[in-house]
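Note sheet for the following structure.
In the numbering used here, the protein residues as written are 603 to 727.
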């Protein structure tokens with residue numbers, strides 16, 4: 603299986619350990635256990651007023667960002683610009699999916715990964 607297909611699955615697995623354990627009040631994950639767009643939007647919205655949510659969100663985004671960076675480095679995938687991740691870029695990456703009726707069943711992590719790779723101009727094999 604190509605790296606670009608296994609990466610989101612790997613990240614989702616790691617990140618869901620952090621998010622699902624600590625975010626009991628958040629929207630539900632997808633049927634497969636992935637962090638949903640709705641769940642991520644709720645965490646983004648609550649992070650400024652809830653320290654626990656902020657910590658969970660930071661852990662999730664750190665896992666996503668570090669994993670993408672490590673896999674890109676390990677695979678020697680050339681990127682034209684540095685990889686980056688911010689609240690603004692995350693909101694933009696999931697924005698189209700937040701309007702969908704199935705936002706609670708749309709996995710957020712693959713959208714973020716795809717956006718990171720696209721913004722950095724990375725070659726995907």
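Where a beta carbon is used, it is the ideal one built from N, C-alpha and C, also for glycine.
Out of curiosity, what's the CA-to-CA distance linking residue i and residue j?
{"i": "residue 683", "j": "residue 702", "result": "31 Å"}
{"i": "residue 699", "j": "residue 705", "result": "6 Å"}
{"i": "residue 625", "j": "residue 673", "result": "The predicted position of residue 625 is uncertain, since its pLDDT is 48 and thus under 50; a value taken from the coordinates is nonetheless stated next. If I take the Cα positions, the gap works out to 27 Å."}
{"i": "residue 663", "j": "residue 671", "result": "12 Å"}
{"i": "residue 679", "j": "residue 722", "result": "11 Å"}
{"i": "residue 713", "j": "residue 647", "result": "18 Å"}
Go to residue i, then tell me how far its alpha helix (DSSP H) extends in each direction, as first and last residue.
{"i": "residue 637", "result": "Segment: none, residue 637 is in no alpha helix (DSSP H) and carries neither H nor E."}
{"i": "residue 632", "result": "Neither: residue 632 is in no alpha helix (DSSP H) and is coded neither H nor E."}
{"i": "residue 664", "result": "653 to 676"}
{"i": "residue 711", "result": "711 to 722"}
{"i": "residue 697", "result": "689 to 700"}
Count the other C-beta atoms from every protein chain shown that fall within 10 angstroms of the C-beta of residue i, then say buried if there are 16 or more, exposed otherwise.
{"i": "residue 628", "result": "With a pLDDT of only 49 at residue 628, under 50, the local geometry of the prediction cannot be trusted, and the value read off the model is given with reservation. Classification for residue 628: buried."}
{"i": "residue 686", "result": "exposed"}
{"i": "residue 635", "result": "exposed"}
{"i": "residue 720", "result": "exposed"}
{"i": "residue 667", "result": "buried"}
{"i": "residue 655", "result": "buried"}
{"i": "residue 708", "result": "buried"}
{"i": "residue 660", "result": "exposed"}
{"i": "residue 651", "result": "exposed"}
Since residue i contacts residue j with CB under 8 Å, what's their CB separation in whole angstroms?
{"i": "residue 710", "j": "residue 637", "result": "5 Å"}
{"i": "residue 641", "j": "residue 631", "result": "6 Å"}
{"i": "residue 691", "j": "residue 717", "result": "6 Å"}
{"i": "residue 658", "j": "residue 645", "result": "7 Å"}
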